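In my numbering, the protein residues as written are 84 to 346.
Glycine included, each C-beta is placed from N, C-alpha and C at the ideal position.
Small disclaimer: the values here were computed from a predicted structure and weren't measured.
Notes for the one structure printed next.
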């Protein structure tokens, strides 16, 4: 799946590498988004998380200001363990990764997959979530009836910089990039796409909000997520890994996921 990247592409990857709203059971540990660009660590009592709030149930917003989701709940647990206040900065997915590399955010959590190209630019925690990448189609459209039908020439909607973006590009699909999956859903409903490739949980939320769409049975590939940090920030990396492992062992991440995917 991974792209073969020359050294000339490294800068491009720094601003364009892979991830992506929905209902929830309860609104827990919400965080206010900001547009501040204060360097990470400048305020010793604040932990800055960069994200893109268009990837439910991991991160999303219902009012355009307050970011909710599984990753926000996890980030709050991390901040609490470190005795710090969490500040969530909502931006584009590529911008979140760049913020980590430039040190303007302490970490990025946005359904981020660990791939070799990214590992050259950032450090990653242990993987804390596994998700299927599925295919969303318009009901009764007929052209794409199973994941295997997504091949060279298929017109596919993806969120820019996600694993689906890379995967479908490598397949030779005609890839249409969007900032939000809701935008891709509109194009699919208008017959301008053959399908959308995305994470299974956000796909369930997308389909629930669009009665003309459905998820095909089966999966295109499996994806795993981790938190990204600036290269060499081993102290914070170790601290976050300790919290993540505890949350995994106690089943808390599963609880967070259920809270944000159950009406």
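Who are residue 278's beta bridge partners in DSSP?
DSSP lists 239 as partners of residue 278.
How long is the line joining the alpha carbons of residue 343 and residue 139, rounded to whole angstroms?
Distance between the alpha carbons of residue 343 and residue 139: 8 Å.
At a threshold of 7 Å, does residue 231 count as lining the ligand ZN (C-beta to nearest heavy atom)?
By its list of ligands, the structure shown contains no ligand whatsoever, and the ligand ZN lies outside what it can speak to.
Taking only the alpha-carbon atoms, compute the straight-line gap between residue 264 and residue 164 and give it to the nearest angstrom.
Distance between the alpha carbons of residue 264 and residue 164 is about 33 Å.
Which two residues bound the contiguous beta strand (DSSP E) that contains residue 132?
Here the beta strand (DSSP E) through residue 132 covers 129-134.
For residue 269, which beta-bridge partners are listed by DSSP?
Partner(s): none; residue 269 has no beta bridge.
Of all the options 154, 311, 287 and 292, which has the alpha carbon lying nearest to the alpha carbon of residue 300?
Of the listed residues, the one whose Cα sits closest to residue 300 is 287.
Using CA atoms only, rank isn't needed, just tell me which of 253, 240, 285 and 216 is closest to residue 275.
Closest option to residue 275, Cα to Cα, is 240.
Which same chain residues end up closer than 8 Å to residue 250 when comparing Cβ atoms and leaving out the 5 residues on each side of it in sequence?
Excluding positions up to five away in sequence, the list reads 84, 216, 280, 303 and 304.
Mind checking whether residue 296 and residue 268 have CB atoms under 8 Å apart?
Yes.
Report the start-end ranges of each alpha helix (DSSP H) in the segment 140-192 that is 4 residues or longer and not cut off at the edges.
As far as the segment 140-192 is concerned, its whole alpha helix (DSSP H) runs of at least 4 residues are 153-165 and 176-185.
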